[in-house]
Amino acid sequence: MKHSDKTFMGMTTSGKNAEDVMKMCAILFGEEFMQTHPVTTGNINGNSPLVWDETMLGAMRAFAKYNQPVLCSPFVLGGANTPASTVPTVVQLNAEALSALAYTQLVRKGTPAIYGHYLSTVSMASGAPMAGTPEISLMNFMIGQMARFYDVPWRTSNTLGGAKTFDAQSGYESAMTMNAVLMSGANYIWHSAGWNEAGMHCSMAKFVVDADVCGMGYRMAEGLRWDDFDEALAAVRDVGPAGHYLGHSHTMENFERAFYMPKLFDNNSYEQWEAEGAKEITERALNYAKKLLSEYQEPKLDDAKNDELQDFIARRESEIPAADALNETH
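Mind the numbering: the sequence shown is residues 164 to 493 in this note's numbering, read in order.
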């Protein structure tokens with residue numbers, strides 16, 4: 164709330180924690196505003212197979228009370244908490260997600276709810292979760308079709324990787340997943356920057372490169388542009404055989420948007436790359452991340468709102484340990 168003006172994920176680790184988030188949002192935005200505007204999201208994870216526990220459902224009810232969107236997200240570890248087969252895994256996930264979506268409407272009709280999930284497969288050799296596997300892509304293709312069949316928005320995850328560093332494995336896994344997510348027609352995409360080791364740590368270098376790659380994905384999802392078609396064909400006639408387009412007026416007018424130019428990828432010659440220090444992408448990305456952090460400007464939060472939020476936090480910090488002690492006694 165204090166350090167960004169973007170929508171954030173609210174805590175759903177208990178019903179009471181979710182209530183705290185809702186009360187803080189009400190301080191910041193006003194409860195009446197929240198009833199008609201999404202200001203935060205709640206990710207409600209199912210305990211596969213086939214369980215929605217009170218912790219998650221309590222949090223879901225808190226979000227529904229304030230008409231805030233909830234993501235009904237079974238947590239898939241393919242082969243561990245689902246069958247060791249792709250299609251039956253999606254059948255189970257679909258039943259779990261639909262039951263949660265239905266429950267949101269029983270709690271409060273019209274609650275904004277999203278068909279969600281977290282997808283991974285489990286290595287049958289080690290038991291470790293894997294990312295970027297072909298089965299995850301196939302699941303995304305299937306679930307995208309199911310969500311459109313039910314006419315509900317769909318959330319999935321994007322550039323997850325299982326690698327321990329920002330290396331080639333990390334990049335390949337992320338690219339494999341992102342292409343499937345884009346082609347599947349996802350509406351709301353999470354885990355899109357920096358994720359490695361199946362989400363156990365965040366790489367700052369990967370974060371900024373993933374953001375660049377997401378820019379490529381966004382451009383691809385926009386599709387073909389036709390607005391300059393006639394002008395471009397006129398340029399073909401102007402230039403004629405054996406010419407070039409570099410100085411043509413159409414190029415001058417369109418070069419900035421014609422082809423996506425990644426900020427952090429190096430497409431220069433080997434000699435130029437070497438002359439500029441032979442920096443590989445991790446070094447370039449870390450330098451860029453540090454530059455962004457050094458240039459960060461905190462969005463201004465109203466002083467009165469900030470004081471009220473700080474007072475709320477201080478009060479809850481004093482109450483929560485007492486509540487925990489009481490639970491231990493009982």
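For each residue, glycine too, the CB sits at the ideal point set by N, CA and C.
**Study point:** CB-CB length for Leu323 against Ala384, believed under 8 Å
**Key:** Not a contact, Cβ separation roughly 19 Å.
Check your understanding: What's the gap between the Cα of Ile444 and the Cα of Tyr381?
Key -> 21 Å
Point to revise | Exposure of Gln268, with buried meaning 16 or more beta-carbon neighbours within 10 Å | key: exposed
**Study point:** Distance, Ile277 Cα to Gly209 Cα
**Key:** 14 Å
Check your understanding: With which residues is Cys365 paired in a DSSP beta bridge?
Key -> Trp358
Review point. Secondary structure at Ser177, three-state DSSP: helix, strand or coil?
Key: coil
**Study point:** CB of Cys188 within 8 Å of CB of Thr170, strictly
**Key:** no
Point to revise | Residue(s) in a DSSP beta bridge with Ile207 | key: Cys235
Exercise for review: Whole angstroms is fine: what's the gap from Ala477's alpha carbon to Pro484's?
Suggested key: 12 Å
Exercise for review: Report, in whole angstroms, the separation of the C-beta atoms of Trp317 and Asn350, which I expect to be a contact under 8 Å.
Suggested key: 5 Å
Exercise for review: Please list, in chain order, all residues of the same chain as Gly241 whose beta carbon is under 7 Å from its beta carbon, the five residues on each side excluded.
Suggested key: Thr252, Ser283, Thr284, Val285 and Glu298
**Study point:** Whether Ala243 touches Gly205 by CB criterion (8 Å)
**Key:** no
Exercise for review: Check Tyr408 in the structure and name its three-state DSSP category.
Suggested key: coil
Practice item. Report the rounded CA-to-CA distance for Gly403 versus Gly307, giving the unit in angstroms. Key: 45 Å
Check your understanding: For Tyr229, which residues from the same chain have a beta carbon less than 6 Å from its beta carbon, with the 5 sequence-adjacent residues on both sides left out?
Key -> Met185 and Met197
Practice item. Indicate the three-state DSSP secondary structure (helix, strand or coil) for Val402 in the structure shown. Key: helix
Point to revise | 4-residue-minimum alpha helix (DSSP H) runs that sit fully inside the region 265–349, ordered along the chain | key: 297–313 and 331–347
**Study point:** Cβ shell of Ala436 (< 6 Å), same chain only, five flanking positions each side left out
**Key:** It is worth fixing the name first, because residue 436 is Trp in this sequence and not Ala. These residues qualify, in order along the chain: Asp429.
Check your understanding: In terms of residue numbering, what span does the beta strand (DSSP E) encompassing Tyr351 cover?
Key -> Tyr351 to Trp353
Check your understanding: In terms of residue numbering, what span does the alpha helix (DSSP H) encompassing Tyr433 cover?
Key -> Tyr433 to Ala438
Review point. Would Pro425 pass as a contact of Met367 if the rule is Cβ separation under 8 Å?
Key: no
Point to revise | Selected residue, minimal CA-CA separation from Arg388, among Ala260, His411 and Asn417 | key: Asn417
**Study point:** 8 Å Cβ cutoff met for Gly295 and Leu234
**Key:** no
Review point. Taking C-alpha atoms, which residue in Asp375, Thr340 and Asn321 lies nearest to Trp353?
Key: Asn321
Review point. In three-state DSSP terms, what is Phe196?
Key: helix
Point to revise | Residues near Met172 by beta carbon distance below 8 Å, same chain, minus five either side | key: Thr203, Thr204, Gly205 and Asn206
Practice item. State the Cα-Cα distance for the pair Val399 and Asp390, rounded to the nearest angstrom. Key: 16 Å
Practice item. Taking Ala452 as part of the alpha helix (DSSP H), name the residues at either end of that continuous run. Key: Ile444 to Glu458
Check your understanding: Should Pro201 be labelled buried (16 or more other beta-carbon atoms within 10 Å of its own) or exposed?
Key -> exposed
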